[in-house]
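Chains as they are written, first to last, in my numbering: chain A, 992 to 1239; chain B, 992 to 1239. Backbone N, C-alpha and C define an ideal beta-carbon position, used for all residues, glycine too. Please read the structure below before turning to the comments.
There are 2 protein chains.
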Amino acid sequence: MSDAAANAETAVRTPRERARAQTIADIVRLGRDHLATHGAAALSLRAVARDLGVVSSAVYRYVANRDELLTLLLVDAYNELGDAVDAAVNARPERDFAGRFTALGLAVRGWALREPARYGLLFGSPVPGYQAPASQTTAPGTRVIYRLVGILDAAYRAGDLTPPACAAVVPPPVPPALAADFETIRAELGLAVPDVLVANGVLAWTSLFGAVSFEVFGQYGSETFSARDELFEHHLAVLAGVAGFSSI
Amino acid sequence: MSDAAANAETAVRTPRERARAQTIADIVRLGRDHLATHGAAALSLRAVARDLGVVSSAVYRYVANRDELLTLLLVDAYNELGDAVDAAVNARPERDFAGRFTALGLAVRGWALREPARYGLLFGSPVPGYQAPASQTTAPGTRVIYRLVGILDAAYRAGDLTPPACAAVVPPPVPPALAADFETIRAELGLAVPDVLVANGVLAWTSLFGAVSFEVFGQYGSETFSARDELFEHHLAVLAGVAGFSSI
DNA sequence: AACAATTGAGAGCACTGCTCTTGACGTAGG
DNA sequence: CCTACGTCAAGAGCAGTGCTCTCAATTGTT
């Protein structure tokens, strides 16, 4: 058995290894296509094998089982979403924090609407019987939230992020147990933002994905909203206010 | 073929019809158990047949196919969630609008955490290849949002709901296309709430389910938050403010 | 009691994930 | 150069899935 970690790091030298890497890449590509068209639960190794022009048992030479292929596709999708978000955020000036927040939200929605099945794999109901291996998925899976946290923290340090002044969005103080969680997060990520803004930032995070999921998963009826772009942008503007941006 | 609609309405008289209704009820009950333990994608008619002590083809006498059973379970779950929400909301005084809003949110979260697989069927990634028949699912599927809308509208009419006063949560005015959507909704449901509050109400709705989905689907890591009750209640309080409640 | 509707059983088709054995091929080492 | 090893694809096979069809038996109705 070759060391998978080393394999990913070092350059592929022998023709065998090169061919093997190419085959695995093909399997992931075909799996991604199947995922996009038929959904995660309908992902079939046999179908991938057919498209690869090979008998079903042959793919087990390259991928241990269906779950491992699912993991590869999960990492693949997380990274594509992360790349899309990074590109959108980086396109805004470094100090335009509110602009970067909005760009992040729009990038998530754009990718989700473009890739509904893969978005569903990442943020929908868990695939029954499948447990994502944390060692491989946490890093790519936390790219978006880490990017969001980075924007909010930088905005706070620059004085662009202030706890909402109006009483409506300043609820009863954060209870001690929750404050302890926030303190851990702050320590681990080296943040400066106070409790209220952490709480509201988490809310903005979950709300962003809630709005996106409603659209992607068809929770709005088919005829309720025709101006969905405007609806989402409006929501994003309100969420920016919740997160602590004073002007959009 | 007996008229299904009439069958649901009229009393079951003949022993055959009674036995048939009982068998269908058993199938739904067993299907619900399988759904709760193994998830929607793993729902198997053969497994239900086994538990029913009958050969697989026999269940097709009662349920046309897997999709129809899924529809029955969908309606079943929607109604159970709706009942839970109704009970929680009705437990609060009729004029305690903010309390009813909070009760609704807590009821949704409570049911979702109790029934993660069924919640996933309702609000997670769509089951591939399955399209819910609107004629049967829209009515039960809209119970929660209609209840929420009812609370917000009643609160507004009573003067308990006011557009947030602080600038942060009053984003640029609702664009015309979106205002047209809102006007349609207002007309269909006979609402009085102005555009800004409709927009923020929709946001509160999606955000509520976003927060619940993050918990149920395990989007928070396993160790990020230990005080999840407090986190959700905090979010709910902020969302009440977003929706227009001035004091919690 | 005779008839007819309804039901359950069983076989069968096409599909799935996955395992094991067999034979062929290419590569690397002697 | 050439053998031996490692890798590979193929095929058969097992257990499961949804769904259809036929056939016999049960059961309610007339």
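(request) Compare the Cα-Cα distances from L1034 of chain A to each of A:D1017, A:V1118, A:L1095, A:D1220 and report the closest residue. (result) By 1-based counting over the first sequence, the position of residue 1034 of chain A is 43. When only C-alpha atoms are compared, the closest one is A:V1118.
(request) Between the Cα of P1107 of chain A and those of A:T1129, A:L1021, A:H1025, A:P1084, spot the shortest distance and give me the residue it belongs to. (result) Indexing the first sequence from 1 puts residue 1107 of chain A at position 116. The residue with the shortest Cα to Cα distance from P1107 of chain A is A:H1025.
(message) Let me check understanding here. Comparing Cα to Cα, which of A:R1057, A:R1109, A:F1114, A:R1020 lies closest to D1198 of chain A?
(response) Within the first sequence, numbered from 1, the residue matching residue 1198 of chain A stands at position 207. Looking at the sequence shown, residue 1198 of chain A is not Asp but Ser. For S1198 of chain A, the nearest C-alpha among the options comes from A:F1114.
(request) Just tell me which of B:E1008, B:V1189, B:L1152, B:D1186 has its CA closest to the CA of R1086 of chain B. (result) On the second sequence, position 95 is the one that residue 1086 of chain B refers to. For the residues B:E1008, B:V1189, B:L1152, B:D1186, the minimum Cα distance to R1086 of chain B belongs to B:L1152.
(message) Taking DSSP's pairing of strands, which residues face L1152 of chain B in a bridge?
(response) Within the second sequence, numbered from 1, the residue matching residue 1152 of chain B stands at position 161. According to DSSP, which records beta bridges pairwise, L1152 of chain B is partnered with B:F1236.
(message) Please return the same chain residues whose Cβ sits closer than 7 Å to the Cβ of R1105 of chain A, not counting the five positions on each side in sequence.
(response) As a working mapping, residue 1105 of chain A is identified with position 114 in the first sequence. Taken in chain order, the list of residues that qualify is empty.
(request) Provide the residue span of the alpha helix (DSSP H) that contains G1096 of chain B, from first to last. (result) The residue you call residue 1096 of chain B lines up with position 105 of the second sequence. First-last of the alpha helix (DSSP H) with G1096 of chain B: 1088 to 1105.
(message) Less than 8 Å between the beta carbons of G1235 of chain A and L1188 of chain A, yes or no?
(response) In the first sequence, counting from the first residue as 1, residue 1235 of chain A sits at position 244. In the first sequence, counting from the first residue as 1, residue 1188 of chain A sits at position 197. Yes, these two residues count as a Cβ contact at 8 Å.
(request) Could you tell me whether the Cβ atoms of V1050 of chain B and L1036 of chain B are closer together than 8 Å? (result) Translated into positions along the second sequence, residue 1050 of chain B becomes position 59. Translated into positions along the second sequence, residue 1036 of chain B becomes position 45. Yes.
(request) Using alpha carbons as the reference points, say which of A:Y1121, A:T1133, A:L1061 lies closest to D1074 of chain A. (result) For the purposes of this step, residue 1074 of chain A is taken as residue 83 along the first sequence, with counting starting at 1. Of the listed residues, the one whose Cα sits closest to D1074 of chain A is A:T1133.
(request) Mind checking which residues open and close the alpha helix (DSSP H) that includes A1031 of chain B? (result) Residue mapping note: residue 1031 of chain B aligns to position 40 of the second sequence, counting from 1. A1031 of chain B -> no alpha helix (DSSP H), and no H or E assigned at all.
(message) Pairs of beta-carbons, one from the region 1218 to 1230 of chain B and one from the region 1131 to 1148 of chain A, closer than 8 Å: are there three or more?
(response) no
(request) Work out the CA separation of A1031 of chain A and R1091 of chain A for me, nearest whole Å. (result) As a first step, residue 1091 of chain A is located in the first sequence; it is residue number 100 there, counting from the start. As a first step, residue 1031 of chain A is located in the first sequence; it is residue number 40 there, counting from the start. Cα to Cα, R1091 of chain A sits roughly 31 Å from A1031 of chain A.
(request) With 8 Å as the threshold, decide whether the Cβ of D1077 of chain A is near any Cβ in chain B. (result) Your numbering for residue 1077 of chain A matches position 86 in the first sequence. Cβ-Cβ to chain B under 8 Å: no for D1077 of chain A.
(request) Find out if the Cβ-Cβ distance for the pair I1136 of chain A, L1095 of chain A is shorter than 8 Å. (result) The count along the first sequence starts at 1 and reaches residue 1136 of chain A at position 145. The count along the first sequence starts at 1 and reaches residue 1095 of chain A at position 104. No.
(message) Check this for me: beta carbons of Y1121 of chain A and D1172 of chain A, under 8 Å apart or not?
(response) Reading the first sequence from its first residue, position 130 is the one you call residue 1121 of chain A. Reading the first sequence from its first residue, position 181 is the one you call residue 1172 of chain A. Result no, Cβ atoms of Y1121 of chain A and D1172 of chain A do not sit closer than 8 Å.
(request) Identify whether L1182 of chain A lies in helix, strand or coil by the three-state DSSP scheme. (result) Your numbering for residue 1182 of chain A matches position 191 in the first sequence. Residue state, collapsed to three classes: coil.
(request) Under 7 Å Cβ to Cβ from N1191 of chain A, same chain only, skipping five residues before and after it: list those, please. (result) Here the question's residue 1191 of chain A lines up with position 200 in the first sequence. Excluding residues within five positions, the ones whose Cβ falls inside 7 Å are V1233, A1234, G1235.
(message) One question on the structure: do A1231 of chain A and A1103 of chain A come within less than 8 Å of each other, judged by their Cβ atoms?
(response) Taking the first sequence and counting its residues from 1, one reaches residue 1231 of chain A at position 240. Taking the first sequence and counting its residues from 1, one reaches residue 1103 of chain A at position 112. The answer is no: Cβ separation not under 8 Å.
(message) DSSP three-state label for P1167 of chain A, please.
(response) Numbered from 1 along the first sequence, position 176 holds the residue referred to as residue 1167 of chain A. In the structure shown, P1167 of chain A sits in a helix (DSSP, three-state: H, G or I).
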